[in-house]
Every structure is written in C-alpha cells, then in structure tokens.
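Position in the sequence shown counted from 1, then plus 157, gives you our numbering. Even for Gly, the Cβ is constructed at its ideal location relative to N, Cα and C. Worksheet: one structure, shown below.
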Amino acid sequence: MSETIFNKIIRKEIPADIIYEDELCLAFKDVNPQAPIHILIIPKKSIPKVSDAVKDDHNVLGHLLLKAGEIANTLGVKDAFRLVINNGEDAGQTVFHLHIHLLAGRRLNWPPG
Ligand code: 5GP
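As structure tokens, this is what we get:
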C-alpha cells in the first residue's frame with residue numbers, strides 16, 4: 158500500500174487536530190478548511206480510494222459513515238452537514254488514502270463544483 162501524509166498522522170509522526178479516534182478510524186480537522194467545520198474521517202487501514210475497497214472492507218466503510226453521523230451530532234451540526242468523498246484525481250482527490258470530508262457551518266450549495 159502506498160504511504161501518504163495521512164499514514165503519518167495516524168502514527169502521530171506529524172501533528173493534526175484530532176477530534177476522534179478508535180481502533181478503525183481517525184477524525185481530524187482539515188488543514189485547509191472549506192467551511193467553518195471541515196473534518197476528515199479516515200480509516201486506519203490504507204485504502205487509496207473508494208474504488209479500491211474490497212468486500213472485506215465493508216465493516217470499516219460502514220463504520221466511517223456511522224462515525225461521521227456521530228461526529229456531526231457531537232459538533233452540533235446534525236441537521237445540516239455534507240459528506241464528500243473524492244475518488245480519483247479528476248474528481249478532486251489529492252491524498253490517496255480514502256477519506257470522508259464532513260463539511261458544515263455554512264450554506265452548502267448544490268450542485269458542487
Ligand atoms: P482530497 O482533495 O484528497 O479529497 O482531500 C484531501 C484533504 O486533505 C484536503 O482538503 C487537504 O486540505 C487535506 N490535507 C492535506 N494534507 C493535510 C495535512 O497534512 N493535515 C490535514 N489536517 N489535512 C490535510
């Protein structure tokens with residue numbers, strides 16, 4: 158599996174503003190926030206993209222979504238937030254370690270760019 162900056166954050170080799178952690182995932186503030194609340198929720202397992210996930214990953218993928226909802230609740234934005242997963246360079250993915258963006262705290266327009 159390829160090494161990314163997110164692996165270094167998981168191993169605490171570089172700092173991040175971590176707001177949640179358990180055995181399967183980590184959630185931390187995006188360093189370049191696109192909304193007043195911008196959290197990244199990542200699996201500890203290195204899955205580069207959603208399209209690389211395999212059947213055995215269904216537990217961790219479900220876990221990420223459940224945690225996203227819980228984190229939104231904890232942050233007080235459960236009624237209005239957006240989850241985004243960019244898959245591939247042309248879709249805007251820049252870090253090839255699967256991650257869910259949780260965006261909230263401002264009006265979120267549709268369709269996204
Ligand atoms: P992508 O473009 O791959 O969907 O999202 C990658 C996200 O990771 C971007 O929003 C970017 O700001 C964030 N990011 C990249 N490097 C770091 C880092 O070192 N620390 C944190 N906290 N966020 C990062």
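Where do the N-terminal and C-terminal ends of the beta strand (DSSP E) with residue i fall, by residue?
i: F238; result: F238 to V241
Considering only residues of the same chain and omitting the five flanking positions on each side of residue i, which have a CB-CB separation below 7 Å?
i: L181; result: P200, K201, V217 and H220
In the structure shown, what three-state DSSP assignment does residue i receive?
i: H220; result: helix
i: H195; result: strand
i: A173; result: coil
i: K212; result: helix
i: E246; result: helix
i: E180; result: coil
i: T231; result: helix
With DSSP as the reference, identify every bridge partner of residue i, one or two as the case may be.
i: L260; result: H195 and R239
i: P200; result: C182
What is the residue span of the alpha helix (DSSP H) that residue i lies within?
i: K165; result: I162 to I167
CB-CB under 6 Å to residue i, same chain, minus the five flanking residues each way: which ones, in chain order?
i: P205; result: F253
Counting only the same chain and skipping the five closest in sequence on each side, list residues whose C-beta sits under 8 Å from that of residue i.
i: A210; result: I204, L218 and L255
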